[in-house]
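What follows is a set of notes on a single structure, which appears directly below.
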Amino acid sequence: MTKTRAPLITPVLVAGCLIILISFAIRASFGVFQIPIATEFNWPRAEFSLAIAIQNLAWGIGQPIFGAIAEKIGDRKAIIMGAIVYAVGLVASSAAVTPEAHQMLEVLVGFGIAGTGFGVILAVVGRAASDENRSMALAIATAAGSAGQVFGAPLAEYLLSFMTWQNVFVVFAAAILATLALLPLMKTETIASKSELEESMGQILIKAFKDPSYTLIFLGFFSCGYQLAFITAHFPAFVTEMCGAIDPSGTLAAVGVSTTSALGAISISLIGLANIAGTLFAGYLGKTYSKKYLLAAIYAGRTIVAGLFILMPITPTSVILFSIAMGSLWLATVPLTSGLVAHIYGLRYMGTLYGIVFFSHQLGSFLGVWLGGRMYDAFGDYTLVWWIGVGVGAFSAIVHLPVKEQPLSARTA
């Protein structure tokens, strides 16, 4: 009798990809608003940087909360709550005129990203996928976030060419609410072993917290957040101000990229585009090879790429090469980290366990964005905060090596 293979592409995966794509397109665009908002209100760079940093921290705090909500009352209810909070935060931010108001309202935006982003969606996708397809399904959903990044920043830059940043925020709020039409497809059964079903959330959390490997995964994810959030929030401004002039007779100008401001927005898009391939390749490798060693290699690669870039003159060519190289390593950590958590600790409470690990990621995000703004205002450039990112990347490469990849149930049986 021929065994039917479970399909990789399912309605749950398609719907999850679209929700993440739109959620991350909006999130990835915030760096584009750095200069317009600071210019309109004559704020120091640190003010809006702190708002984005708070958004990232709120996202991290909200991630395990929304993961637990999804596991207690249902995935779709958690996503509805997330989308509504996201939209309210964006609309309210469009009316904010003080730094404190923006910073406070970014808490809502951050919680909205938590409810419509990786933590909840990847848990649903992971449960819906077969063991054989899980690594690739998680990679495809993660790559959808990169696809959002491909057009999020350029779309924001385009919309700003004929409407105010306030109206762009309102448009984005409508877009995130539109994703709720996909929820009927986000239906999956709970796939877990008998022992997992018998364990309470508290029991599995205690086991995870006592396991040194969980702590190492938690610590290792910090640098991912630091590097990604710093680049997303500050790289468009960094390129605008630090990059050499674009040759008016060159290839970039010929395709419509004639200013360093446009190149800054396009660089975020290039990072996202390269990461689609990088994330899918990481998911493919994760089916066969050790996830912890793949993670160590990715963090080592990021460290080398970032170090070389800052040591070289900042030119349009180096910006493009850096964007492609860093992009290939960008979110490749996410399917491997979430897959590692699922492999070691099971699927039943994957959303909550991954959400807690993701909090470390967002602590790094907060620090990367906030330090970027503070050090720019203090020193007039991003050099020091960039080198800190190189250092924490090397730390993450090392800290993954001692992780025990064997399932916890097998170790404690």
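Our numbering numbers the first residue of the sequence shown as 1335 and each following residue consecutively.
Glycine included, every Cβ here is placed at the ideal spot set by N, Cα and C.
DSSP three-state call for Ile1343: helix, strand or coil? The residue labelled residue 1343 in the question sits at position 9 within the sequence shown. Ile1343 falls in the coil class under three-state DSSP.
Does the ligand COA have a heavy atom nearer than 7 Å to the CB of Glu1466? The ligand COA is not among the ligands present in this structure, which contains no ligands whatsoever.
Excluding the 5 residues flanking Tyr1716 on each side, which residues of the same chain have their C-beta closer than 7 Å to its C-beta? As a first step, residue 1716 is located in the sequence shown; it is residue number 382 there, counting from the start. Closer than 7 Å at Cβ, skipping near neighbours: His1568, Phe1572, Gly1706, Met1709, Tyr1710.
Cβ-Cβ distance between Phe1452 and Ser1603 below 8 Å: Residue 1452 sits at position 118 when you count from the first residue of the sequence shown. Residue 1603 sits at position 269 when you count from the first residue of the sequence shown. Contact: no.
What is the DSSP secondary structure of Asp1409, counted as helix, strand or coil? Taking the first residue of the sequence shown as position 1, residue 1409 is located at position 75. Three-state DSSP puts Asp1409 in a helix.
Going straight from the alpha carbon of Ile1399 to that of Ser1699, what length do you get? One-based indexing of the sequence shown puts residue 1399 at position 65. One-based indexing of the sequence shown puts residue 1699 at position 365. If you take the alpha carbons of Ile1399 and Ser1699, they lie about 18 Å apart.
I believe Leu1517 touches Ile1632 by the beta-carbon criterion, under 8 Å. Please report the beta-carbon distance rounded to the nearest angstrom. Counted from its first residue, the sequence shown places residue 1517 at position 183. Counted from its first residue, the sequence shown places residue 1632 at position 298. That belief does not hold up - the Cβ atoms of Leu1517 and Ile1632 are roughly 33 Å apart, past 8 Å.
Return the first residue and the last residue of the alpha helix (DSSP H) that Gly1451 is part of. As a position in the sequence shown, residue 1451 is number 117, starting the count at 1. For Gly1451, no alpha helix (DSSP H) segment is defined, and its DSSP state is neither H nor E.
Does DSSP put Phe1496 in a helix, in a strand, or in coil? Position 162 of the sequence shown, counted from the first residue, corresponds to residue 1496. DSSP places Phe1496 in coil when its eight states are reduced to three.
Less than 8 Å between the CB atoms is what I'm expecting for Ala1608 and Ala1507, so what's the real figure, rounded? By one-based count along the sequence shown, residue 1608 stands at place 274. By one-based count along the sequence shown, residue 1507 stands at place 173. Incorrect: roughly 29 Å between the Cβ atoms, too far for contact.
Residue range of the alpha helix (DSSP H) that includes Val1334: Summary: the structure shown does not reach residue 1334, with the chain confined to residues 1335 through 1747, and so no result is reported for it.
Taking the alpha-carbon of Ala1487 as reference, which of Met1470, Ala1659, Ile1551, Gly1606 has the nearest alpha-carbon? Position 153 of the sequence shown, counting from 1, holds the residue named residue 1487. Residue Gly1606 is the option with its Cα nearest to Ala1487.
Span of the alpha helix (DSSP H) around Met1576: Locating residue 1576 in the sequence shown gives position 242, where the first residue counts as 1. Met1576 -> alpha helix (DSSP H) spans 1546-1576.
How many angstroms separate the CA atom of Ser1480 from the CA atom of Ala1611? Indexing the sequence shown from 1 puts residue 1480 at position 146. Indexing the sequence shown from 1 puts residue 1611 at position 277. Roughly 10 Å between the two C-alpha positions.
Going by DSSP, what residue range makes up the alpha helix (DSSP H) through Ile1732? One-based indexing of the sequence shown puts residue 1732 at position 398. Start and end: 1717-1733.
Mapping the DSSP letters down to three states, classify Gln1740 as helix, strand or coil. For this step, residue 1740 is matched to residue 406 along the sequence shown. Gln1740: coil per DSSP, three-state reduction.
Would DSSP call Trp1664 helix, strand or coil? Here residue 1664 refers to the residue found at position 330 of the sequence shown. Looking at Trp1664 - three-state DSSP - the assignment turns out to be coil, as it is neither helix nor strand.
Below 8 Å, can you find three or more Cβ-Cβ pairs linking the segment 1574-1588 to the segment 1382-1400? no
Where are the alpha helix (DSSP H) runs, 4 residues long or more, that stay fully inside the segment 1633-1711, in chain order? DSSP runs (the alpha helix (DSSP H)) wholly in the segment 1633-1711: 1650-1661, 1667-1679.
I'd like to know whether the C-beta atoms of Val1458 and Leu1472 end up nearer to each other than 8 Å. Working through the sequence shown from its first residue, we reach residue 1458 at position 124. Working through the sequence shown from its first residue, we reach residue 1472 at position 138. No.
Could you pull out every residue in the same chain whose Cβ sits closer than 8 Å to the Cβ of His1436, ignoring the five residues on either side in sequence? Looking up residue 1436 in the sequence shown gives position 102. Correct list, in chain order: Ile1371, Glu1381, Phe1382, Ala1385, Ser1427, Ala1430.
Status (buried if at least 16 other CB within 10 Å, exposed otherwise) for Trp1664: For the purposes of this step, residue 1664 is identified with residue 330 of the sequence shown, where counting begins at 1. The residue in question, Trp1664, is buried, as its Cβ has 16 or more Cβ neighbours within 10 Å.
Assuming Leu1614 and Ala1477 are in contact, meaning their beta carbons sit under 8 Å apart, how far apart are those beta carbons, in whole angstroms? Counting from 1 along the sequence shown, the entry for residue 1614 is found at position 280. Counting from 1 along the sequence shown, the entry for residue 1477 is found at position 143. Cβ-Cβ separation between Leu1614 and Ala1477: approximately 5 Å, consistent with a contact (criterion under 8 Å).
By the 10 Å Cβ neighbour count, where 16 or more other Cβ atoms means buried, how is Pro1341 classified, buried or exposed? Locating residue 1341 in the sequence shown gives position 7, where the first residue counts as 1. Under this definition Pro1341 is an exposed residue.
Using only alpha-carbon positions, find the residue among Leu1347, Ser1652, Leu1628, Phe1556 that is nearest to Ile1455. Against the sequence shown, residue 1455 aligns to sequence position 121. Here the closest residue by C-alpha is Leu1347.
Cutoff 6 Å; reference Ala1448; Cβ partners in own chain excluding five residues on either side: Counting from one through the sequence shown, the residue named residue 1448 turns up at place 114. Result list for Ala1448: Trp1393, Gly1396, Gln1397, Phe1400, in chain order.
Quick check on this structure: which residue in Thr1574, Ser1534, Tyr1679 has the alpha carbon closest to the alpha carbon of Ser1547? To locate residue 1547, count along the sequence shown from 1; it is residue 213. Looking at the Cα atoms, Tyr1679 is the closest of the given residues.
Which of the three DSSP states, helix, strand or coil, is assigned to Lys1766? Here the chain comprises residues numbered 1335 to 1747, so residue 1766 is not present and cannot be evaluated.
Below 8 Å on the Cβ atoms is my contact criterion, and I expect Pro1669 with Val1366 to pass it. Report the Cβ-Cβ distance as a whole number of Å. On the sequence shown, position 335 is the one that residue 1669 refers to. On the sequence shown, position 32 is the one that residue 1366 refers to. About 27 Å separates the two Cβ atoms, so there is no contact after all.
Skipping 5 residues on each side, what residues in its chain have a beta carbon closer than 8 Å to that of Ser1624? Locating residue 1624 in the sequence shown gives position 290, where the first residue counts as 1. Excluding sequence neighbours, Ser1624 sits near Glu1739.
C-beta contact flag for His1677 and Cys1558 at 8 Å: Within the sequence shown, numbered from 1, the residue matching residue 1677 stands at position 343. Within the sequence shown, numbered from 1, the residue matching residue 1558 stands at position 224. No, the Cβ-Cβ distance between His1677 and Cys1558 is not below 8 Å.
With a threshold of 7 Å on Cβ separation, who are the neighbours of Gly1673 within its own chain once the five nearest residues in sequence on each side are excluded? Start at 1 with the first residue of the sequence shown, and residue 1673 comes out as number 339. Cβ within range, chain order: Arg1468, Ser1469, Leu1472, Gly1620, Lys1625.
Since Gly1723 and Ala1666 should fall inside the 8 Å C-beta cutoff, what is the C-beta to C-beta distance between them, to a whole number of angstroms? Walking along the sequence shown from the start, residue 1723 turns up at place 389. Walking along the sequence shown from the start, residue 1666 turns up at place 332. Wrong, their Cβ atoms sit about 17 Å apart, outside the cutoff.
Just tell me which of Gly1446, Ile1407, Lys1521 has its CA closest to the CA of Val1425. Position 91 of the sequence shown, counted from the first residue, corresponds to residue 1425. Val1425 has its Cα closest to that of Gly1446, out of Gly1446, Ile1407, Lys1521.
Who are the near neighbours of Gly1635 in its chain, counting only those whose CB is closer than 6 Å to its CB and skipping five residues on each side? Your numbering for residue 1635 matches position 301 in the sequence shown. Same-chain partners within the cutoff: Leu1663.
Compute the Euclidean distance between the alpha carbons of Phe1556 and Val1719, then round it to the nearest angstrom. For the purposes of this step, residue 1556 is identified with residue 222 of the sequence shown, where counting begins at 1. For the purposes of this step, residue 1719 is identified with residue 385 of the sequence shown, where counting begins at 1. Taking the straight line joining both Cα atoms gives about 15 Å.
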